[in-house]
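Visitor: Please see the structure below; I have some questions.
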Amino acid sequence: MTTTLFIFLLLLCSTVTHAAAPKEVAKQTEGDWRDGRYSKVTFGPFVSGHIATPKGSTHKGIAIRVGEKGEGTMVFDTDLCAWRAGWTDGFLKTDPTRYGLIRALKPEGNVVFGRSPLPGGAKLFSFRDPRSP
1 MTTTLFIFLL LLCSTVTHAA APKEVAKQTE GDWRDGRYSK VTFGPFVSGH
51 IATPKGSTHK GIAIRVGEKG EGTMVFDTDL CAWRAGWTDG FLKTDPTRYG
101 LIRALKPEGN VVFGRSPLPG GAKLFSFRDP RSP
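Residues in the sequence shown are numbered from 1 upward in steps of one, following UniProt numbering.
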């Protein structure tokens, strides 16, 4: 038992000491920061974040699966309180750049509608954006 444990620890230490050291920051390229692992994530019924919608990005979006089997997706803009886009036959796809965290999530499927970034509610019959520029 102790011999087996000793051999295991010896092999473990040898793999750790022989691991490649990371490149110096000045020598790194954009390719060193690409990793597709995030695309293998199984998303749940909704995802919040920056979502690239057809008529302009939704920076504070919630993508929600809709339908009996999640066959559709709708994006709600929490900043403007409006539905911004909807599509069928897919959910979201990621980009491997910067480990999938730097670029917006994109629709995966057939886009059915896209809405411009306008407020979802009207004030005195005007949909003008009340926020200051």
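Glycine is no exception: its CB is placed at the ideal position from the N, C-alpha and C atoms.
Can you name, in chain order, every residue of its own chain whose Cβ lies under 8 Å from the Cβ of W33, other than the five neighbours on each side?
Guide: Once the five neighbours on either side are set aside, the close Cβ partners of W33 are T97, R98, Y99.
Visitor: Which two residues bound the contiguous beta strand (DSSP E) that contains W83?
Guide: Taken as a continuous stretch (DSSP letters only), the beta strand (DSSP E) holding W83 covers 82-88.
Visitor: Can you grab the Cα-Cα spacing for the pair G120 / Q28, in whole Å?
Guide: Cα-Cα distance, rounded: 44 Å.
Visitor: Who are the near neighbours of L105 in its chain, counting only those whose CB is closer than 8 Å to its CB and skipping five residues on each side?
Guide: Only V47, G49, H50, I51, A52, A63, L92, K93, T94 meet the Cβ criterion.
Visitor: With a threshold of 6 Å on Cβ separation, who are the neighbours of G56 within its own chain once the five nearest residues in sequence on each side are excluded?
Guide: Taken in chain order, the residues that qualify are P117.
Visitor: Hey, T78 and G109: beta-carbon distance below 8 Å or not?
Guide: Result no, Cβ atoms of T78 and G109 do not sit closer than 8 Å.
Visitor: Return yes when the Cβ of G114 is within less than 8 Å of the Cβ of A82, no when it is not.
Guide: Not closer than 8 Å, so no.
Visitor: Mind checking which residues open and close the beta strand (DSSP E) that includes G49?
Guide: G49 -> beta strand (DSSP E) spans 46-51.
Visitor: Using DSSP with H/G/I as helix, E/B as strand and the rest coil, what is V66?
Guide: It is a strand residue.
Visitor: Would you decide whether G31 is buried or exposed? Buried here means 16 or more other CB atoms lie within 10 Å of its CB.
Guide: Exposed: under 16 other Cβ atoms inside 10 Å.
Visitor: Rounded to whole angstroms, what's the CA-CA distance from residue 194 to V75? Just pull it up for me.
Guide: In the structure displayed, the chain extends from 1 to 133; residue 194 sits before or after that span and is not available.
Visitor: Let me check one thing: in DSSP terms, what residues is S126 bridge-paired to?
Guide: DSSP, once it has assigned bridges, lists K123 as partnering S126.
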